[in-house]
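If you read the sequence shown in my numbering, its first letter stands for residue 1069, the second for the next number, and so on.
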Amino acid sequence: MRESYLSFERRTTALSLWLACAMMVLACCLGMYQILSRFVFLQPAEWSEVLIRFALIWMVFLGAPACFRQGAMVCVDLAHRKAGPTGKRVLDALAALAALLLTGFMIWFGFEYAWRGRFQTISGLESFSMTWAYSAVPVGGIFCVLAVFAVLLDPRRQELETAL
1069 MRESYLSFER RTTALSLWLA CAMMVLACCL GMYQILSRFV FLQPAEWSEV LIRFALIWMV
1129 FLGAPACFRQ GAMVCVDLAH RKAGPTGKRV LDALAALAAL LLTGFMIWFG FEYAWRGRFQ
1189 TISGLESFSM TWAYSAVPVG GIFCVLAVFA VLLDPRRQEL ETAL
């Protein structure tokens, strides 16, 4: 059961990281298009700036699960180094609890915020609802919850390898 969950989490975290990278590429391409249209063709594309912003928002929330999985989000490295085996498990549990509280807050209020924004339109893209932008928060939060539980089952301390 543990290995099947970790395998599932590896796939979901890889998917979220791949999507975050795709959002970064999209933001870069749209930024280049915006510069070309504004300064070369003298026809600014207002919609591209809005899409860049939304791509960056999605990139952040889809990239966060990979940070949680690597143990880089809630980091108590000094205390972890000094603690014994039982203390390390307690610290891991407290860090996971803090992360789950944060992601639970993100999911709950993210869904609420996305639901409230369903009638708002995006300035510059009036045919799209703001729900598409606000949905990044709960979607990223769900991916983060999967990663936090995986950290409890199989902790990684990769940030400690490069620490001073």
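All C-beta atoms in this analysis are idealised placements derived from N, C-alpha and C, irrespective of residue type, glycine included.
Quick caveat, the model's predicted, so the values are computed rather than measured.
{"Item": "Just verifying my parser: in three-state terms, what is the DSSP assignment at SER1197?", "Value": "strand"}
{"Item": "Out of ILE1120, THR1080, ALA1182 and ILE1210, point me to the one whose CA is closest to TYR1101's CA.", "Value": "ILE1120"}
{"Item": "Could you tell me the boundaries of the alpha helix (DSSP H) in which VAL1108 lies?", "Value": "Note, VAL1108: premise wrong, no alpha helix (DSSP H); not H, not E."}
{"Item": "Note down the Cα distance separating GLU1077 from ALA1218, rounded to an integer number of angstroms.", "Value": "7 Å"}
{"Item": "Taking the DSSP output, what are the residues bridged to THR1189?", "Value": "SER1197"}
{"Item": "Would the stretch 1173-1186 count as touching the stretch 1202-1209 if we require 3 or more Cβ pairs under 8 Å?", "Value": "yes"}
{"Item": "Give the range of the alpha helix (DSSP H) segment to which PRO1153 is assigned.", "Value": "1153-1184"}
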